[in-house]
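Just so you know, the sequences run in chain order E and R. The opening position of the first sequence corresponds to residue 2 in our numbering, with each subsequent residue numbered one higher. The opening position of the second sequence corresponds to residue 2 in our numbering, with each subsequent residue numbered one higher. Working notes, beginning with the structure itself.
Number of protein chains: 2
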Amino acid sequence: MDRKAPIGVFDSGVGGLTVAREIMRQIPNERIVYFGDTARVPYGSKSKDTVTMYSRQIIRFLKTEGVKAIVIACNTASAYALDTMVKEFDIPIIGVVKPGAKVAVDTTKNGRVGLIGTDATIQSGVYDKYIKELNSDIEVIGKACPLFCPLVEEGMLNDTITNQVAERYLSYLKDKDIDTLIMGCTHYPLISSTIGEIMGDKVNLVNPAFETAIELRKLLFRENLYNQSDVDSPSLMYRFYVSDAAEKFRRFADSILPVDISVTKQINIEQY
Amino acid sequence: MDRKAPIGVFDSGVGGLTVAREIMRQIPNERIVYFGDTARVPYGSKSKDTVTMYSRQIIRFLKTEGVKAIVIACNTASAYALDTMVKEFDIPIIGVVKPGAKVAVDTTKNGRVGLIGTDATIQSGVYDKYIKELNSDIEVIGKACPLFCPLVEEGMLNDTITNQVAERYLSYLKDKDIDTLIMGCTHYPLISSTIGEIMGDKVNLVNPAFETAIELRKLLFRENLYNQSDVDSPSLMYRFYVSDAAEKFRRFADSILPVDISVTKQINIEQY
Numbered sequence: 002m003d004r005k006a007p008i009g010v011f012d013s014g015v016g017g018l019t020v021a022r023e024i025m026r027q028i029p030n031e032r033i034v035y036f037g038d039t040a041r042v043p044y045g046s047k048s049k050d051t052v053t054m055y056s057r058q059i060i061r062f063l064k065t066e067g068v069k070a071i072v073i074a075c076n077t078a079s080a081y082a083l084d085t086m087v088k089e090f091d092i093p094i095i096g097v098v099k100p101g102a103k104v105a106v107d108t109t110k111n112g113r114v115g116l117i118g119t120d121a122t123i124q125s126g127v128y129d130k131y132i133k134e135l136n137s138d139i140e141v142i143g144k145a146c147p148l149f150c151p152l153v154e155e156g157m158l159n160d161t162i163t164n165q166v167a168e169r170y171l172s173y174l175k176d177k178d179i180d181t182l183i184m185g186c187t188h189y190p191l192i193s194s195t196i197g198e199i200m201g202d203k204v205n206l207v208n209p210a211f212e213t214a215i216e217l218r219k220l221l222f223r224e225n226l227y228n229q230s231d232v233d234s235p236s237l238m239y240r241f242y243v244s245d246a247a248e249k250f251r252r253f254a255d256s257i258l259p260v261d262i263s264v265t266k267q268i269n270i271e272q273y
Numbered sequence: 002m003d004r005k006a007p008i009g010v011f012d013s014g015v016g017g018l019t020v021a022r023e024i025m026r027q028i029p030n031e032r033i034v035y036f037g038d039t040a041r042v043p044y045g046s047k048s049k050d051t052v053t054m055y056s057r058q059i060i061r062f063l064k065t066e067g068v069k070a071i072v073i074a075c076n077t078a079s080a081y082a083l084d085t086m087v088k089e090f091d092i093p094i095i096g097v098v099k100p101g102a103k104v105a106v107d108t109t110k111n112g113r114v115g116l117i118g119t120d121a122t123i124q125s126g127v128y129d130k131y132i133k134e135l136n137s138d139i140e141v142i143g144k145a146c147p148l149f150c151p152l153v154e155e156g157m158l159n160d161t162i163t164n165q166v167a168e169r170y171l172s173y174l175k176d177k178d179i180d181t182l183i184m185g186c187t188h189y190p191l192i193s194s195t196i197g198e199i200m201g202d203k204v205n206l207v208n209p210a211f212e213t214a215i216e217l218r219k220l221l222f223r224e225n226l227y228n229q230s231d232v233d234s235p236s237l238m239y240r241f242y243v244s245d246a247a248e249k250f251r252r253f254a255d256s257i258l259p260v261d262i263s264v265t266k267q268i269n270i271e272q273y
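Structure below.
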């Protein structure tokens, strides 16, 4: 496998850009091919079978782009599809859930960890499973926050309505004596200041994207896949694909990423 | 064509059930095959090409069910795909936009009509086009309300947060001197009391679903497709299909429809 080959990163839409951002920051030598499934977003209210089928199509597409490893930059797809995808494909694949679980275990002092995410991520119980594997004494208290994604997608990042929705969702967690809260959806770091203010100073917020980039770097070293070449310009390093019209995606990406997105290309993902 | 054949009705998800409900009330003799594209909901933030492709797949599927006519019970799909679908298929197809435009024209006295809908429906300008064809003096003032769909899908029908979101969206329309407001998304009739309270008594709310059922009845008579047989039990009259897990859909349908939904079947819509 070519060390200069890109990393494939995918998400249901724009949320996974927070993961791509961490990879750009922490492993600036690596090329990235990002796919956002904007034609079928959101995943969080859909079933395991559907999300697994979507993930399979996307990985097939990313393989046509010659990627050397894949990051499932979506908590729902990581929760539902990672194990199946690892079995089906002969390429290293990591998700965001296991790294997120690890950092939560390292962070908590009192053994009480909160988790917010989509309906699918919470129902899957997968964070709980990974955390218990690392430390069976830790208790995980989950709360689905289905409206956070549409609010973030609408760009309502500092907004009284988002505050009230957050107040309502998080009130469930406030009297549970947690000292750590996993932001178990890649959209949520974009409203972390709102979440942090409501939860207070004593609760540490965990962003799985950060740890995922570290895990990816370790994986690339371990598998001798780390790119040692010089860094090119962003337009050569990063390619972006979407399954639906690119304009909204590009606006959002421009507001999140440290680099300009020059070209975003639309593909028909159902063909893969 | 068999007069006893069912009517095909489709929507991106549950919203179109408000149209199915009107058909059940107004034309109780007709069988219905309903398809909700719950794997790819929502349509309102997606492009014309994508929504057209989805509509084409769904109509191909509905034809395999032997339908005699099709109702596009989704404003976004009606706005983007109706004209193309009418050209492509040899079966009567109607949407919800033209009937909604007609009743708005009949309703307004001062010639100032408000329109709320998804981003896609508002941007398409299709309500404006149909209304101007009927009466070029009428002015249409549109406002996209993208959060209404997720709020309705979350079941937050009588909720202070939904009220505030509605207050914010509708404040744009309150000083525009409209006397008629088209609920240009099939989800919105489910929060019509909230919308009505904010807009006040002087604004008439138009629900295109009602007029669509009337249009359908006229069409069936005109084409000699009206079913004159006796009514069977609901389980024989109505079939429901979805593209993603049926449980949530069934719960929602049970709360909207006047009949029990006994069986909801999941199909792989991408194969059509």
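Built from N, CA and C at the ideal position, the CB exists for glycine as well.
When the Cα atoms are used, Thr65(R) and Pro259(R) turn out to be separated by approximately 27 Å. Of the candidates Leu191(E), Ala78(E), Glu140(E), Leu191(E) places its Cα closest to the Cα of Pro151(E). Secondary structure of Val97(R) (DSSP, three-state): coil. Within the segment 31-52 of chain E, contact with chain R at the beta-carbon level (separation under 7 Å) is assigned to Ala40, Arg41, Lys47, Ser48, Thr51. Annotation: the segment 50-110 of chain E contains the following complete segments of the alpha helix (DSSP H) (minimum length 4 residues), in chain order: 76-89, 98-108. Proximity to Gly17(E) across Thr265(E), Gly101(E), Phe36(E), Asp120(E) peaks at Phe36(E), based on C-alpha coordinates. By the criterion of a C-beta distance shorter than 6 Å, Leu221(E) is surrounded in its chain by Tyr227, once the five residues flanking it on both sides are discounted.
With a threshold of 8 Å between beta carbons, Ile123(E) makes no contact with chain R. Using a 10 angstroms sphere on the CB of Ser125(R), the tally of other CB atoms reaches 16 or more, which defines it as buried. The Cβ of Val166(E) sits closer than 8 Å to at least one Cβ of chain R.
By the CB criterion at 8 Å, Arg113(E) and Glu154(E) fall outside the cutoff. The beta carbon of Glu271(E) sits closer than 8 Å to some beta carbon of chain R. Assigned with DSSP and collapsed to three states, Lys5(E) falls in coil, not helix or strand. For Asp245(E), the neighbours in chain R by C-beta distance under 7 Å run, in chain order, Lys47, Ser48, Thr51. With fewer than 16 other beta carbons inside 10 angstroms of its own, Gly156(R) counts as exposed.
About 13 Å separates the CB atoms of Gly185(R) and Ile73(R); that is not less than 8 Å, and the two are not in contact. Excluding the 5 residues flanking it on each side, Val166(E) has same chain C-beta neighbours closer than 6 Å at Leu148, in chain order.
Taking a Cβ-Cβ cut-off of 9 Å, the neighbours of Leu148(E) in chain R comprise Leu148, Pro151, Leu152, Glu155, Met157, Ile162, given in sequence order.
Under the DSSP definition of a beta bridge, Gln267(R) partners with Val243(R). Between Met25(E) and Arg57(E), the gap from beta carbon to beta carbon reaches 8 Å or more. Note that the C-beta distance between Met2(R) and Lys47(R) is not below 8 Å. Using a Cβ distance threshold of 8 Å, Ile33(R) and Ile8(R) count as a contacting pair. Annotated as proximal: Ser244(E) and Arg41(E), with beta-carbon spacing under 8 Å. In this structure Glu23(R) is buried. Its beta-carbon is surrounded by 16 or more other beta-carbon atoms within 10 angstroms. Annotated three-state conformation of Arg26(R) is helix, per DSSP. A check of alpha carbon separations from Ile92(R) across Arg61(R), Tyr81(R), Asp120(R) identifies Arg61(R) as the nearest. The C-alpha of Tyr242(R) lies about 6 Å from the C-alpha of Thr265(R). Leaving aside the five residues that flank Lys110(R) on each side, the residues in its chain whose CB is nearer than 7 Å to its CB run, in chain order, Asp180.
Ile270(E) and Thr51(R) have their C-alpha atoms spaced approximately 11 Å apart. If you check the CB distance, Leu83(R) and Gly96(R) come in under 8 Å.
The DSSP-derived three-state label of Thr213(E) is helix. Judged by DSSP in its simplified three-state form, Asn205(E) adopts strand.
Within the DSSP secondary-structure output, Val34(E) pairs in a beta bridge with Gly9(E), Arg240(E).
Ranked by Cα distance from Phe250(R), the first of Asn30(R), Asp38(R), Glu31(R) is Asp38(R).
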